[in-house]
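A.B. asks:
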Amino acid sequence: METTVLIVDDSKLARIVVGKVVAALQPDWQRLEAGNADEAVAVIAAKPVDVVIIDFNMPGRDGLDLAEELRGRFPAMPIAVATANIQDEIVDRARAANATFIAKPVTEEGARGFISGAALRLRAPRP
Numbered sequence: 024m025e026t027t028v029l030i031v032d033d034s035k036l037a038r039i040v041v042g043k044v045v046a047a048l049q050p051d052w053q054r055l056e057a058g059n060a061d062e063a064v065a066v067i068a069a070k071p072v073d074v075v076i077i078d079f080n081m082p083g084r085d086g087l088d089l090a091e092e093l094r095g096r097f098p099a100m101p102i103a104v105a106t107a108n109i110q111d112e113i114v115d116r117a118r119a120a121n122a123t124f125i126a127k128p129v130t131e132e133g134a135r136g137f138i139s140g141a142a143l144r145l146r147a148p149r150p
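Residue numbering for the sequence shown follows the working numbering, beginning at 24 and increasing consecutively.
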């Protein structure tokens, strides 16, 4: 089964960087991109997505709003929120949405725990 990761960030450069990190850690994963929360919802409506990495600061709805929406629709989906804005409130909201927090700039080392955990969870038998 092919694994698809959706990278959501309003910065094309940031999407490229995250895509390279994902490719280095999980080269077989298919990567999709969206520039904001509404594009992400449209992508997910059009194609099955297994994992989502979301930027926090985006125009329109922020990444935590999107993470909370996706958590409600996909309770088991691995979701990470990536941001350089490391405030307790943001980290707490990410945790409340059962989303992993990844500090920006996203690096292989910074994303390794989330990506490997997501891969393990996706391989586990589903109840």
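Beta carbons are placed, not taken as given, at the ideal position from N, Cα and C, and that holds for glycine.
Is the stretch 109-118 touching the stretch 128-138 in the sense that three or more CB pairs, one from each, lie closer than 8 Å?
C.D. replies: Verdict: no, contact absent.
A.B. asks: Tell me the start and end of each unbroken beta strand (DSSP E) in the stretch 41-93 that is at least 3 residues and wholly inside, in chain order.
C.D. replies: The qualifying runs are 53-57, 74-78.
A.B. asks: Which of the three DSSP states is assigned to I102 in this structure?
C.D. replies: Note: I102 maps to strand in three-state DSSP.
A.B. asks: What are the boundary residues of the beta strand (DSSP E) that includes F124?
C.D. replies: 123-126 is the extent of the beta strand (DSSP E) around F124.
A.B. asks: Give me the Cβ distance between A107 and A126, rounded to the nearest whole Å; I'm assuming they're in contact under 8 Å.
C.D. replies: Right, the Cβ-Cβ distance comes to about 7 Å (below 8 Å), so this counts as a contact.
A.B. asks: Restricting to Cα atoms, I'd like to know which of G95, L55, V31 is closest to D61.
C.D. replies: Of G95, L55, V31, the residue nearest in Cα terms is V31.
A.B. asks: Specify, as a first and last residue, the run of the beta strand (DSSP E) that V129 falls within.
C.D. replies: No beta strand (DSSP E) holds V129; DSSP gives it neither H nor E.
A.B. asks: Tell me whether I109 sits in a helix, a strand or coil according to DSSP, three-state version.
C.D. replies: Three-state result, I109: coil.
A.B. asks: With burial defined as no fewer than 16 other Cβ atoms inside 10 Å of the residue's Cβ, what is the status of P98: buried or exposed?
C.D. replies: Exposed, because fewer than 16 other Cβ atoms sit within 10 Å of the Cβ of P98.
A.B. asks: In whole angstroms, give me the CA-to-CA distance for A57 and M100.
C.D. replies: Going by the C-alpha atoms only, they are around 17 Å apart.
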